[in-house]
Amino acid sequence: PMPDQNQKTEDTKVNKRNIIIVKINSSDRLFAGDQLLDVSQLKDKIKEFITNPSNDPNLPEREMKNIEGYGEYPVSKGVISLQNDRGTSYRAYIAVQNELVKAINEVRDDFCKQNYGKAYAFLTEDQQKIVREAIPQNISEAEPKDVTKK
Numbered sequence: 143p144m145p146d147q148n149q150k151t152e153d154t155k156v157n158k159r160n161i162i163i164v165k166i167n168s169s170d171r172l173f174a175g176d177q178l179l180d181v182s183q184l185k186d187k188i189k190e191f192i193t194n195p196s197n198d199p200n201l202p203e204r205e206m207k208n209i210e211g212y213g214e215y216p217v218s219k220g221v222i223s224l225q226n227d228r229g230t231s232y233r234a235y236i237a238v239q240n241e242l243v244k245a246i247n248e249v250r251d252d253f254c255k256q257n258y259g260k261a262y263a264f265l266t267e268d269q270q271k272i273v274r275e276a277i278p279q280n281i282s283e284a285e286p287k288d289v290t291k292k
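To convert a position in the sequence shown, counted from 1, into my numbering, add 142.
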């Protein structure tokens, strides 16, 4: 049983690096991980989380996947967990959601320009499918709860 416990600890550690919790509390204060952020800082934080450009062990792992019509690509295992408080304003919630989607779209556009020389909107349907597989939009939304206490 001892090795199993060690394995579980390792799994938990691996999973933890693949998740960023984005919380909006009842005062509309935004946290990404343990960091208090202004909504204007969120997009860049999420882009770094998704791409992990320096292969930081605290940011998501990448897994080589064979994407049909493209070949091997290191796909991020990152998941963005969006949590809000019952007292969070709709305006703040939508602003945060928009920044998350913007971050993913910018990473996708970078991939498109690098691989196809044009933006996502100008790609064929097959090319867009490749981009969505290479840069998945992994946003998990939790039911509103009391996140006032960090």
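For glycine and all other residues, C-beta sits at the position ideal for the given N, C-alpha and C.
Assigned secondary structure, residue i (DSSP; H/G/I helix, E/B strand, else coil)
{"i": "R204", "result": "strand"}
{"i": "N226", "result": "strand"}
{"i": "S282", "result": "strand"}
{"i": "K185", "result": "helix"}
{"i": "R274", "result": "helix"}
{"i": "N148", "result": "Residue confidence is low: N148 scores 43 on pLDDT, short of 50, so the model does not pin down where it sits. Its coordinate-derived value is still stated next. It is helical."}
{"i": "P143", "result": "The predicted model places P143 with a pLDDT of 46, which falls under 50 and marks its position as unreliable; any figure quoted below should be read in that light. Of the three classes helix, strand and coil, the one that applies to P143 here is coil, per DSSP."}
{"i": "V156", "result": "Confidence is the limiting factor: at V156 the pLDDT is only 45, short of 50, which leaves the residue's position unreliable, though a coordinate-based value still follows. Three-state DSSP puts V156 in a helix."}
C-beta atoms of residue i and residue j nearer than 7 Å
{"i": "E267", "j": "K185", "result": "no"}
{"i": "G220", "j": "I272", "result": "no"}
{"i": "P278", "j": "R228", "result": "no"}
{"i": "Q225", "j": "A174", "result": "no"}
{"i": "F191", "j": "I236", "result": "no"}
{"i": "T193", "j": "V249", "result": "yes"}
Distance between residue j and residue i (C-alpha atoms, nearest Å)
{"i": "I281", "j": "V164", "result": "10 Å"}
{"i": "N257", "j": "N197", "result": "21 Å"}
{"i": "L265", "j": "D252", "result": "13 Å"}
{"i": "Q270", "j": "R233", "result": "30 Å"}
{"i": "R159", "j": "A263", "result": "31 Å"}
{"i": "E203", "j": "R171", "result": "28 Å"}
{"i": "D176", "j": "P216", "result": "27 Å"}
Bridge partners - residue i, DSSP secondary structure assignment
{"i": "Y215", "result": "K207"}
{"i": "A263", "result": "Note: A263 sits in no beta bridge, so no partner."}
{"i": "A174", "result": "V164, Q177"}
{"i": "K287", "result": "D227"}
{"i": "V221", "result": "I161"}
Nearest to residue i (by Cα), restricted to the options the options
{"i": "S231", "options": "N157, S169, R159", "result": "S169"}
{"i": "E214", "options": "L179, M206, Q270", "result": "M206"}
{"i": "N247", "options": "Y235, N208, E275, L178", "result": "E275"}
{"i": "S218", "options": "V181, P195, A234", "result": "P195"}
{"i": "K189", "options": "L172, A263, L201", "result": "L201"}
{"i": "N157", "options": "P199, V238, L172, S182", "result": "P199"}
{"i": "S223", "options": "N208, R204, G259, V243", "result": "V243"}
{"i": "V181", "options": "V249, N208, C254, A245", "result": "A245"}
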